[in-house]
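Below is one structure; the comments refer to it alone.
Residue numbers (this note's numbering): 27 to 281.
Take a look at the structure:
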């Protein structure tokens, strides 16, 4: 076990860089923080590069950290690495998923230019809970390895593929495989409860303010909307995605 005491140590500087998108892309790694997320990572040890633990923290007795590189640091260093005000002093450096753009699943969530990290993380978690085969993030989306996304997703990064690719290309590829693509829109769309859903589908949701790009909506098989019964102008994109994903999965399971 290594013990790093200086906040100026080059390794500490490298860890801190992982809080930026540029360095995450360069290194192919990201930094997880907190007991819950690190425990989730331990079930997927192949994805872990190393654990970082503050010297004033005791790891849970049931954690199996065999064969995992472990580095002890001072509370000062742990505080510098934390992306939260009340850090827990436990971190994992993990490898980002290495995925091709070949879409082999049958159910997907496609996300167009959603910029809020909390919404991205919540939708990844919801897609995982609903049993989808993957999430496809298009241009303009928040980085799926942003610390806020990781916290919102609550470990779902380890459970399903996260694919970053142009959505127009993804839509064409899915349709070529016979997978129906449903867009979300308030214009030229039908009530989501009227949609004919099969055991393979892709749901496309869009930017919090402007919705799905018009060019993408023209390529979908069908566009749907969720009725608003109160005075709110719209639903949060993550809430809407949850309603639609669970409805679509329920629809074909009971056919």
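Glycine is no exception: its CB is placed at the ideal position from the N, C-alpha and C atoms. It should be emphasised that the depicted structure is a prediction, and the values quoted were computed from it without experimental measurement.
Between which two residues does the beta strand (DSSP E) harbouring residue 55 extend? Taking the first residue of the chain shown as position 1, residue 55 is located at position 29. Residues 55 to 59.
By Cβ distance below 6 Å, which residues in the same chain neighbour residue 245 in space, the five residues on each side in sequence not counted? For the purposes of this step, residue 245 is taken as residue 219 along the chain shown, with counting starting at 1. These residues qualify, in order along the chain: 197.
Which value, in whole angstroms, describes the spacing of the CA atoms of residue 193 and residue 162? Taking the first residue of the chain shown as 1, we reach residue 193 at position 167. Taking the first residue of the chain shown as 1, we reach residue 162 at position 136. Those two C-alpha atoms are separated by around 8 Å.
When you compare the stretch 34 to 48 with the stretch 65 to 73, are there three or more beta-carbon pairs, one atom per stretch, that lie closer than 8 Å? no
Pairwise C-alpha distance: residue 54 and residue 251: As a position in the chain shown, residue 251 is number 225, starting the count at 1. As a position in the chain shown, residue 54 is number 28, starting the count at 1. Taking the straight line from one Cα to the other gives about 37 Å.
Delimiting residues of the alpha helix (DSSP H) encompassing residue 78: Walking along the chain shown from the start, residue 78 turns up at place 52. Where residue 78 is concerned, there is no enclosing alpha helix (DSSP H), although the beta strand (DSSP E) it sits in stretches over 74 to 80.
Is residue 160 buried or exposed, if buried means 16 or more other CB atoms sit within 10 Å of its CB? The residue you call residue 160 lines up with position 134 of the chain shown. With 16 or more other Cβ atoms within 10 Å, it is buried.
Classify residue 134 as helix, strand or coil using the three-state DSSP reduction. Indexing the chain shown from 1 puts residue 134 at position 108. Three-state result, residue 134: strand.
For residue 234 versus residue 141, is the C-beta distance shorter than 8 Å? Position 208 of the chain shown holds residue 234. Position 115 of the chain shown holds residue 141. In this structure, residue 141 lies closer than 8 Å to residue 234 by Cβ.
Drop a sphere of 10 angstroms on the beta-carbon of residue 88, count the other beta-carbons inside from all chains shown, and report buried for 16 or more, exposed for fewer. As a working note, residue 88 is residue 62 in the chain shown. Exposed is the call here.
Between residue 199 and residue 85, which are expected to be in contact by the criterion C-beta below 8 Å, what is the C-beta distance as a whole number of angstroms? In the chain shown, residue 199 corresponds to position 173, counting from 1. In the chain shown, residue 85 corresponds to position 59, counting from 1. Not really, about 43 Å apart at Cβ, beyond 8 Å.
Applying the criterion that 16 or more other CB atoms from any shown protein chain within 10 Å of the CB defines a buried residue, is residue 57 buried or exposed? By 1-based counting over the chain shown, the position of residue 57 is 31. Burial call: buried.
Applying the criterion that 16 or more other CB atoms from any shown protein chain within 10 Å of the CB defines a buried residue, is residue 276 buried or exposed? Translated into the one-based positions of the chain shown, residue 276 becomes position 250. Residue 276 is exposed by the Cβ-count criterion.
Rounded to whole angstroms, what is the Cα-Cα separation between residue 195 and residue 150? To locate residue 195, count along the chain shown from 1; it is residue 169. To locate residue 150, count along the chain shown from 1; it is residue 124. About 20 Å.
Sequence-distant residues of the same chain with beta carbon closer than 8 Å to residue 184, five excluded per side: In the chain shown, counting from the first residue as 1, residue 184 sits at position 158. Excluding sequence neighbours, residue 184 sits near 66, 67, 69, 70 and 73.
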